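Novice: Numbering (the numbering used here), first residue to last: 4 to 355.
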Amino acid sequence: MNSLNLRDLIIHKLKTILSIDGGGIRGILPAAIIAHLEKQMQVSNQNPNLRIADFFDLLAGTSAGGILTCCYLTPKEPGKDNRPKYSAGEVLDFYTELGPILFRKSPVYLIRSAFGLLRSRYCEDALYEFSKKIVGDSYISGVVKDCLITAYDLSSRKALLFSRYSTQKYGETADYTLCDIVRSTTAAPSYFIPARIFAKDSTSRHLVDGGVYANNPAMCALVEAKKLWPDIPGSDYYMISAGTGKVIKPYHYNKTKHFGYIHWLNPILDILMSAVAETVGYQTQQIFSINGVPQNYIRIEPPMLTADIRIDKASRSNIQKLNSAAQHYIDHNTSLFDSICKTLSAKMAEND
Numbered sequence: 004m005n006s007l008n009l010r011d012l013i014i015h016k017l018k019t020i021l022s023i024d025g026g027g028i029r030g031i032l033p034a035a036i037i038a039h040l041e042k043q044m045q046v047s048n049q050n051p052n053l054r055i056a057d058f059f060d061l062l063a064g065t066s067a068g069g070i071l072t073c074c075y076l077t078p079k080e081p082g083k084d085n086r087p088k089y090s091a092g093e094v095l096d097f098y099t100e101l102g103p104i105l106f107r108k109s110p111v112y113l114i115r116s117a118f119g120l121l122r123s124r125y126c127e128d129a130l131y132e133f134s135k136k137i138v139g140d141s142y143i144s145g146v147v148k149d150c151l152i153t154a155y156d157l158s159s160r161k162a163l164l165f166s167r168y169s170t171q172k173y174g175e176t177a178d179y180t181l182c183d184i185v186r187s188t189t190a191a192p193s194y195f196i197p198a199r200i201f202a203k204d205s206t207s208r209h210l211v212d213g214g215v216y217a218n219n220p221a222m223c224a225l226v227e228a229k230k231l232w233p234d235i236p237g238s239d240y241y242m243i244s245a246g247t248g249k250v251i252k253p254y255h256y257n258k259t260k261h262f263g264y265i266h267w268l269n270p271i272l273d274i275l276m277s278a279v280a281e282t283v284g285y286q287t288q289q290i291f292s293i294n295g296v297p298q299n300y301i302r303i304e305p306p307m308l309t310a311d312i313r314i315d316k317a318s319r320s321n322i323q324k325l326n327s328a329a330q331h332y333i334d335h336n337t338s339l340f341d342s343i344c345k346t347l348s349a350k351m352a353e354n355d
């Protein structure tokens, strides 16, 4: 067998995974990059109808990544059509539209919440109404590909991982509407109130953002992949892990030594989410290296450039800066995207 045939055989066996971090409005970064990847795949394969779900076997997301995952996998006609309803470009437009709506502080709400001191900083109604409009009444059991979306149950004090696989194993007790899942995976403490949602069998959950334990869901995605395909070795996984911007914000001793409870509220969430994401990135890279395929793990973490690092800075000007940061990354990594498209295209061709 020559080397070309061997390579084709290896690609044929690959299970492809897309993992997307949380990050509030900074979800614009992975949304823009994924939209570019989808468009490049359409051009490379001369098929304008290709969608992200066509070339990934499993999609995983936390918070912003959870919103994107739900949108990418929403079926065109639940129960009838297993094609995705939206292109990645449309999803980017939705997210761009959602940001200013989601992180808006009306004067009335500011007074009611005492400027975020007595209640969450933002009202959750806008997110729920928006997700209801976009993903409708679709259940996770009906998504077009396998997925994993994170949340955390405050009542049981356990991680909750929404997945199509869970509905096949546990039935209606694990089946939730996508709009409820969006509401849950984005319920970041202090930003939004916890979500109370109900499964198809009326079982209730009391949930917050999965970013409290898995802002980078890559490791969770690998575990899910092993559950889905227990006979597939680790060397046959191919993962793209999309971050929401590389942040290097130092907290200096001379300042933090004076921090009290109130001062730590913002920094601690930023530090915990960044530290967890970096740790997971390291662990995931090591797993692929141990399996002898370090090249099969690709971490996409664009520099923020001039964009504001705050996850709730959803002004039109900052959204434009985030889009510019994404475009800058795309323009300076053409060989990376060419390589990704070559691998994904070869896998699709082998599976046809």
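Think of the CB as a built atom: it goes at the ideal place given N, C-alpha and C, for glycine as much as any other residue. Because the structure is a prediction, the values reported are computed rather than measured.
Any contact of the stretch 291-308 with the stretch 240-257, i.e. 3+ C-beta pairs under 8 Å?
Specialist: With the cut-off at 8 Å, the stretch 291-308 and the stretch 240-257 touch.
Novice: So A223 and T153 are supposed to be a Cβ contact under 8 Å. How far apart are they, rounded?
Specialist: Inspection of the sequence shows that residue 223 is occupied by Cys rather than by Ala. Confirmed, about 6 Å.
Novice: So G213 and T65 are in contact, right, with Cβ under 8 Å, and what is the actual spacing, rounded?
Specialist: Going by Cβ atoms, the distance from G213 to T65 rounds to 5 Å, so yes, they are a contact pair.
Novice: So, are the CB atoms of D149 and T180 less than 9 Å apart?
Specialist: Not closer than 9 Å, so no.
Novice: Which residue's Cα is closest to the Cα of I274: K252, Y285, R186 and L17?
Specialist: Out of K252, Y285, R186 and L17, K252 has the C-alpha closest to the C-alpha of I274.
Novice: If I measure Cβ to Cβ from T189 and keep anything under 7 Å in the same chain, skipping five residues before and after, which residues do I get?
Specialist: Here the set comprises S66, G69, I70, L130, F195 and D212.
Novice: Quick test of the definition: if touching needs 3 or more C-beta pairs under 8 Å, does the stretch 326-336 touch the stretch 44-52?
Specialist: At 8 Å Cβ cutoff, the stretches do not touch.
Novice: May I ask you to list the residues that DSSP assigns as paired with Y89?
Specialist: Answer is none; Y89 lacks a bridge partner.
Novice: So, are the CB atoms of I20 and A63 less than 9 Å apart?
Specialist: It is a contact, given that the beta carbons lie within the stated cut-off.
Novice: Tell me the DSSP bridge mates of D156?
Specialist: In DSSP, D156 forms a bridge with K161 and L210.
Novice: Along the beta strand (DSSP E) that carries V68, what are the first and last residues, could you check?
Specialist: Residue identity differs from the one stated: residue 68 is Gly in this sequence, not Val. Here G68 belongs to no beta strand (DSSP E); instead the alpha helix (DSSP H) covers A67 to L76.
Novice: Under a Cβ-count criterion, where at least 16 other Cβ atoms within 10 Å of its own Cβ denotes burial, should V226 be classed as buried or exposed?
Specialist: By the neighbour-count rule (16 or more Cβ atoms within 10 Å), V226 is not buried but exposed.
Novice: I need the DSSP call for T19, collapsed to helix, strand or coil.
Specialist: In the structure shown, T19 sits in a strand (DSSP, three-state: E or B).
Novice: Can you say whether S193 is buried or exposed, counting buried as having 16 or more other CB atoms within 10 angstroms of its CB?
Specialist: Exposed is the call here.
Novice: Less than 9 Å separating the beta-carbons of H209 and S158?
Specialist: Cβ atoms of H209 and S158: closer than 9 Å.
Novice: With distances taken Cα to Cα, identify the nearest neighbour of Q330 among P305, D315 and I314.
Specialist: Of the candidates P305, D315 and I314, the one whose C-alpha sits nearest the C-alpha of Q330 is P305.
Novice: Relative to the C-alpha of L231, which residue among V250, T176, I290 and S169 is closest?
Specialist: When each option's Cα is compared against that of L231, the closest is S169.
Novice: Would you call the CB atoms of G248 and I343 closer than 9 Å?
Specialist: No.
Novice: Cβ-heavy atom distance between T337 and the ligand NAD below 8 Å?
Specialist: Within the structure as shown, the ligand NAD is missing, as the structure has no ligands at all.
Novice: Alpha carbon to alpha carbon, how far is K16 from L9? Give it in angstroms, no decimals.
Specialist: Unreliable positioning characterises L9 in this predicted model, as indicated by a pLDDT of 45, which lies under 50. The coordinate reading is nonetheless provided below. The alpha-carbon atoms of L9 and K16 are separated by roughly 11 Å.
Novice: Counting C-beta neighbours from all protein chains within 10 Å, is the total for P220 16 or more, i.e. buried, or is it exposed?
Specialist: P220 comes out buried.
Novice: Report the residue from L151, T77 and L272 whose alpha carbon sits nearest the alpha carbon of S22.
Specialist: Measuring from the Cα of S22, the nearest candidate turns out to be L151.
Novice: According to DSSP, is F118 part of a helix, a strand, or is it coil?
Specialist: Residue placement at F118 is flagged as unreliable, the pLDDT there being 49, under the threshold of 50; a coordinate-derived value is accordingly withheld.
Novice: Can the beta-carbon of L272 be found closer than 9 Å to that of A328?
Specialist: In this structure, A328 does not lie closer than 9 Å to L272 by Cβ.
Novice: Going by Cα to Cα distance, which pick from G26, G82 and G92 is closest to Q43?
Specialist: Q43 has its Cα closest to that of G92, out of G26, G82 and G92.
Novice: In whole angstroms, what is the alpha-carbon distance linking E80 and Y89?
Specialist: Using only the alpha carbons, I get a separation of about 11 Å.
Novice: Using a threshold of 9 Å, state whether the C-beta atoms of I303 and Y332 are closer than that.
Specialist: Taking 9 Å as the Cβ cut-off, I303 and Y332 qualify as a contacting pair.
Novice: I need the straight-line Cα distance from D96 to A38, nearest angstrom please.
Specialist: If I take the Cα positions, the gap works out to 10 Å.
Novice: I need the boundaries of the beta strand (DSSP E) containing G64, first residue and last residue.
Specialist: Its beta strand (DSSP E) spans residues L61 to G64.
Novice: For S327, which three-state DSSP category applies?
Specialist: It is helical.
Novice: Considering only C-alpha positions, which residue in the set D60, L61, N218 and S244 is nearest to A278?
Specialist: Answer by Cα proximity: N218.
Novice: I need the straight-line Cα distance from H261 to L347, nearest angstrom please.
Specialist: When rounded, the distance between both Cα atoms is 51 Å.
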